[in-house]
Ligand code: DC
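In the numbering used here, the protein residues as written are 10 to 242.
1) For residue 110, report the span of its alpha helix (DSSP H) as first-last.
2) Output the distance between the C-alpha atoms of residue 177 and residue 142, rounded to the nearest integer angstrom.
3) Taking 6 Å as the limit between beta carbons, can you name the residues of its chain near residue 75, skipping five residues before and five after?
4) Looking at the unbroken alpha helix (DSSP H) that takes in residue 178, where does it start and where does it end?
5) Along the chain, which unbroken stretches of the alpha helix (DSSP H) at least 4 residues long are found entirely within the region 24-55?
6) Kindly examine the ligand DC and report whether one of its heavy atoms sits closer than 8 Å to the Cβ of residue 117.
7) Are residue 30 and residue 46 touching if we call contact CB-CB under 9 Å?
8) For a test of your reading of the model: does the CB of residue 47 fall under 8 Å from any non-hydrogen atom of the ligand DC? Yes or no.
9) Between the C-alpha atoms of residue 13 and residue 105, what's the straight-line distance to the nearest angstrom?
10) Are at least three pairs of beta-carbons, each pair with one atom in the region 130-138 and one in the region 219-231, less than 8 Å apart?
11) Which of the three DSSP states is assigned to residue 136 in this structure?
12) Distance check for residue 62 and residue 22, CA to CA, integer angstroms please.
13) Within its chain, find whatever has a CB closer than 7 Å to the CB of residue 134; leave out the 5 residues flanking it on each side and keep chain order.
14) Report the option in 209, 205, 188 whose CA atom is closest to the CA atom of residue 198.
15) With distances taken between CB atoms, is the gap from residue 40 to residue 161 smaller than 9 Å?
16) Tell me, please, which residues DSSP counts as bridged to residue 64.
17) In whole angstroms, what separates the C-alpha of residue 147 from that of residue 101?
18) Between 89, 111, 157, 48, which lies nearest to residue 16 when the distance is taken from Cα to Cα?
19) Measuring alpha carbon to alpha carbon, tell me which residue in 164, 226, 127 is nearest residue 9.
20) Does DSSP put residue 236 in a helix, in a strand, or in coil?
21) Output the distance between the C-alpha atoms of residue 66 and residue 107, rounded to the nearest integer angstrom.
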């Protein structure tokens with residue numbers, strides 16, 4: 010008898026710059042699944058906070074940001090030419106702006122706020138309610154979809170991640186130097202893993218893959234094999 014609903018939920022969590030979104034995007038394409046970059050959602054809220062001076066080096070006005078949540082409209086819109094969904098903040102395409110080092114430097118503190126997490130997790134669950142989704146982030150396997158059929162946890166040496174991030178930023182036309190980037194990688198690791206609400210951690214049923222010494226192709230094939238194995242069950 011044919012299977013009724015072979016679709017599964019794939020959760021890809023892990024440290025920053027471990028290639029989560031690249032592999033998740035490709036996997037979603039291969040399986041004709043929806044891809045959701047949850048980091049982009051936290052980044053869009055951070056950009057809003059920066060633009061409205063709710064956060065800077067000296068202060069973070071959490072209360073005003075929380076009160077503003079109903080005015081922050083974040084949407085993914087699929088770009089056919091690029092083959093992936095871009096992030097729109099209040100109808101403006103912010104796909105490039107949210108990847109800047111400035112946003113990277115403030116996103117982790119913003120992501121510690123429980124009200125913001127609650128707001129975004131609700132939207133993320135809505136995106137994934139029909140399964141057939143690949144979602145990447147920090148808490149997908151632990152909080153957003155604890156019942157996901159496939160959970161991946163990506164790690165890599167911080168130095169290697171910083172080198173890859175520097176290359177990526179340069180390709181996107183941003184400036185940046187290694188010292189600045191490794192600091193950002195280390196700071197984000199610390200804040201993301203030690204926050205009280207939904208810290209980044211490997212759950213017991215996740216597959217841990219260290220991508221320090223494997224290339225993007227090997228990373229993709231390993232995860233695709235695991236997905237196919239799950240789909241065949
Ligand atoms: O995946 P990324 O580097 O674009 O994510 C940016 C930040 O957003 C990350 O440092 C922590 C936060 N984040 C989170 O707390 N939970 C998620 N599910 C995704 C991202």
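Beta carbons: idealized from backbone N, C-alpha and C, even for Gly.
Quick answer:
1) 110-119
2) 25 Å
3) 124
4) 167-180
5) 29-40
6) Answer for residue 117: yes, Cβ within range of the ligand DC.
7) Cβ distance < 9 Å, so residue 30 and residue 46 count as in contact.
8) yes
9) For residue 13, the predicted structure reports a pLDDT of 49, less than 50, and the residue's modelled location is therefore unreliable. The matter cannot be settled from this model.
10) no
11) helix
12) 30 Å
13) For residue 134, the CB contacts under 7 Å within the same chain, skipping 5 residues up- and downstream, are 153 in chain order.
14) 209
15) no
16) 69
17) Here the C-alpha atom of residue 147 lies approximately 26 Å from the C-alpha atom of residue 101.
18) 157
19) Because the chain here runs from 10 to 242, residue 9 falls outside it and cannot be looked at.
20) helix
21) Going by the C-alpha atoms only, they are around 18 Å apart.
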